[in-house]
Amino acid sequence: MPGTAARPDPATTHDLGPVSGLDPERTRQAASEAARRAAAGVARGGPRGSRGARGADLDRTRAIPVIEPAEPVDPVDPEQTTQMSPVAAIADGEQAQPPQKAGRSLLKASGTMAIATLISRITGFLWKAMLAWVVGLGLINDSFTVANNLPTIITELLLGGVLTSIVVPVLVRAQKEDSDGGLEYTQRLVTLATVILGVGTLLSVIAAPLLTAVYVSGGDTQANRALVTAFAYLLLPQIVFYGLSALLMAILQSKQVFGPPAWAPVVNNLVIIGTILVYWMLPGELVVDPVRMTDAHLLVLGVGVTLGVVAQAAILIPALRRSGFKPAWRWGWDSRLSEFGGLAAWVLGYALVGMLGVIALTRVATAFEGSLAIYQNAWLLLQLPYGVIGFSIMTAVLPRMSRAAADGDYDRLKADLSLGARLCTLILLPLSVLMTVFGTQIGISLFSLGEGAGGAGRLGQALVVSSFGLLPYAITMLQLRVFYAMKDSRTPTLILAIMTAIKVPLLYLCPVLLDDEQVVLGITFVNSFTFVIGWLIGEIWLRHRIGRLGNRALWVTLGKAAMASIWGGGAALLAAQGIGALMPQADGAGTAWVQLIVGSVLCGIVTLGFMLLLKVRELDPVLQRVRRMVGR
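Just so we're aligned, residue -18 is where the sequence shown starts under the working numbering, counting upward by one.
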């Protein structure tokens, strides 16, 4: 039923963006957000038996609290912190909310978590850049990328989406209602999850050649199928550790322990960075013809990356013991686990639809050397602004949308949707223009070292042709949250299915219409174009569902932000051309860095100046806070 179905996490399961379906940072943040939303739902509802007959009926019909799916970024909820970010300040300035003591206690260490999130993203990007520097953006990188995506996708199908969408709310409710604080239920859950993950891991390792054949096409592929299979044997054991780390994070965060889960992905990334350094120091090169499982390069990279996931799970165990949880095998069935069957259907459907898109994109990209690695790194760069900024916007607006939907107040729901879309526009559109202007410089400055130099230019070009998708992606995600706020998990799955049905044929047209070197540009363009389609579909569906959205304020903000961004981008482009004329090596990494730094600062100043000149009213709360700080 739409009213009770739990919701998949689009940010972790779909193919709207990156090839991988689940990464350590996304797992941790999805569980964190789910735990907070579930705790809030239980707190609002109160204990069973305290609301009379009507309350009991509600408990029977809604055994699992409805939560908003998480966004794969900063776990800090601006509504629940005493020191809000500028983005949260904008939302707060437009519709102030009373302070919540529970929220402040939940995120007392929010500053630490924000730092952990930022460091996690930086170190995650660093190891991917280092891999490009060491092995290049060609066959080895493509083969490793395909194999390293397999455990994340399979984990998502086995447990990931179910965990973040269904298990966490029930976990919180069990802690609130069970006499033992949910200990036995949690032990049963860990036991069941370990068995499922263990069996899934074993079967996946056995089926590694078959999985490779699904994702890598025939003889025309530029990813080495034998190398992908060899990597898969070493990387697929990650499944059990990915799943367990996600579950342990959920348990900790349901107990309001947020520090260790926030830092665990950083440990993973640091282990991988160390692995790549060891790989770099090995004599010789990885031999791909023939591929040997005893090759030291293969073993170091495969085993080392898997050990990173093991470390991510292991570092959570001491914190778990300190929280009061006692790990123990506990067999038997809890009646609440039986509720998951129907609820997990749409979660699984969402993941399966997304996986079809992943398979299509991977098969097209691996037919052209370096394309998959270039695509994934370009998408990673495109996600950075959304990951750092977009989540602050989401967390500022999501609780308000949920309250409006719960009250049946569609006018307020539409107003909050408009607010979120305007804030996304205000911040992400200038960054999109900046990436369009300086995409080539970004690619060259970050990836032109070592073996990555050959593909750095194409990576930058891929960023240029795909940057327009940043804002549509954010608004599409926001629209999906509106459906989730209305307890509808079916519509987002249908929207994703339509987007995938459009995306897959366009992906297969890229090799037909474009030269080999340009196929990756076509893939990244199609990916961003799909978000534009998603924005339009979401707009039409929402209008049918809740009436006219009243987007006049959005279009006004969009027009002003576009005008200011164009002026800022134009000024930055002129500055970059001047720097290029003065520098001795106009196409070198040094020149690219100077152009990028000077151009970014100039673009920001000019864009902000024009926004102030055009009186963009969404800036008013931030300006008021700045004036108060200066006045002190």
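Glycine included, every Cβ here is placed at the ideal spot set by N, Cα and C.
Look at residue i and residue j and say whether their C-beta atoms are less than 8 Å apart.
i: Tyr489; j: Val268; result: no
i: Phe419; j: Leu577; result: yes
i: Arg403; j: Ala562; result: no
i: Asn250; j: Ser101; result: yes
i: Val281; j: Leu263; result: yes
i: Leu118; j: Leu440; result: yes
i: Thr343; j: Tyr166; result: no
i: Arg393; j: Ala387; result: no
i: Ala570; j: Ile425; result: yes
i: Gly515; j: Pro453; result: yes
i: Leu363; j: Leu279; result: no
i: Ala174; j: Leu228; result: yes
i: Gly438; j: Thr421; result: yes
i: Tyr367; j: Leu409; result: yes
i: Gly338; j: Thr481; result: yes
i: Ile257; j: Leu112; result: yes
i: Leu459; j: Leu398; result: yes
i: Leu353; j: Asp161; result: no
i: Met382; j: Val446; result: no
For residue i, does the three-state DSSP call read helix, strand or coil?
i: Ile614; result: What is shown of the chain runs -18 to 613, which leaves residue 614 out entirely.
i: Trp314; result: coil
i: Gly338; result: helix
i: Ser470; result: coil
i: Asp392; result: helix
i: Pro498; result: For the sequence presented, residue 498 should be read as Glu rather than Pro. Three-state result, Glu498: helix.
i: Gly569; result: coil
i: Ser429; result: coil
i: Glu617; result: For the chain, the structure presents residues -18 to 613; residue 617 sits outside this window and is missing.
i: Arg384; result: helix
i: Arg273; result: coil
i: Asn532; result: coil
i: Thr347; result: coil
i: Asp159; result: coil
i: Pro264; result: coil
i: Leu398; result: helix
i: Glu232; result: Note on identity: in this sequence residue 232 is Ile, with Glu being the wrong assignment. Here Ile232 sits in helix by DSSP.
i: Met564; result: coil
i: Ile479; result: helix
i: Lys484; result: helix
i: Asn205; result: coil
i: Leu415; result: helix
i: Thr118; result: Reading the sequence as shown, one finds Leu at residue 118 and not Thr. Note: Leu118 maps to coil in three-state DSSP.
i: Glu60; result: With a pLDDT of 31 at Glu60, under the threshold of 50, the predicted position of this residue should be treated as unreliable, though the coordinate-derived value follows. Glu60 falls in the helix class under three-state DSSP.
i: Ala443; result: helix
i: Ser546; result: helix
i: Lys541; result: helix
i: Phe506; result: helix
i: Ala188; result: coil
i: Pro308; result: coil
i: Lys596; result: coil
i: Val197; result: coil
Can you list, in chain order, the residues of its chain whose CB lies under 7 Å from that of residue i, leaving out five sequence neighbours each side?
i: Ala128; result: Val209, Phe212, Ala213 and Leu216
i: Leu407; result: Thr538, Ala542, Val597 and Glu599
i: Leu583; result: Ala552, Ala553 and Ala556
i: Leu430; result: Trp114
i: Arg524; result: Leu530
i: Tyr260; result: Val115, His278, Val281 and Leu282
Only counting the same chain, and skipping five residues up and downstream in sequence, which positions put a Cβ closer than 6 Å to that of residue i?
i: Phe591; result: Ala545 and Trp548
i: Ala341; result: Val485 and Leu488
i: Gly450; result: Ser509 and Phe512
i: Pro190; result: Thr210
i: Ala207; result: Val272
i: Gly289; result: Asn249, Val252 and Ile253
i: Glu6; result: Below a pLDDT of 50, predicted positions are generally treated as unreliable, and Glu6, at 49, falls in that range; no measurement from the model is reported.
i: Gly436; result: Leu118, Gly351 and Ile355
Please list, in chain order, all residues of the same chain as residue i whose beta carbon is under 8 Å from its beta carbon, the five residues on each side excluded.
i: Ile220; result: Pro132, Ile135, Thr136, Leu139, Leu178, Gly181, Thr182 and Ser185
i: Asp159; result: Glu165 and Tyr166
i: Pro218; result: Pro132, Thr182, Val186 and Thr287
Is there a Cβ from chain B that is less than 8 Å from the Cβ of residue i?
i: Pro486; result: Going by chain labels, chain B is absent from the structure shown, which holds only one protein chain.
Any heavy atom of the ligand ATP within a distance shorter than 7 Å of the CB on residue i?
i: Val238; result: Questions concerning the ligand ATP fall outside what the structure shown contains, since it holds no ligand whatsoever.
The stretch 96 to 104 in contact with the stretch 245 to 260 per 3-pair CB rule at 8 Å: yes
Segment contact, 8 Å Cβ cut-off, at least three pairs: the stretch 103 to 112 with the stretch 291 to 302: no
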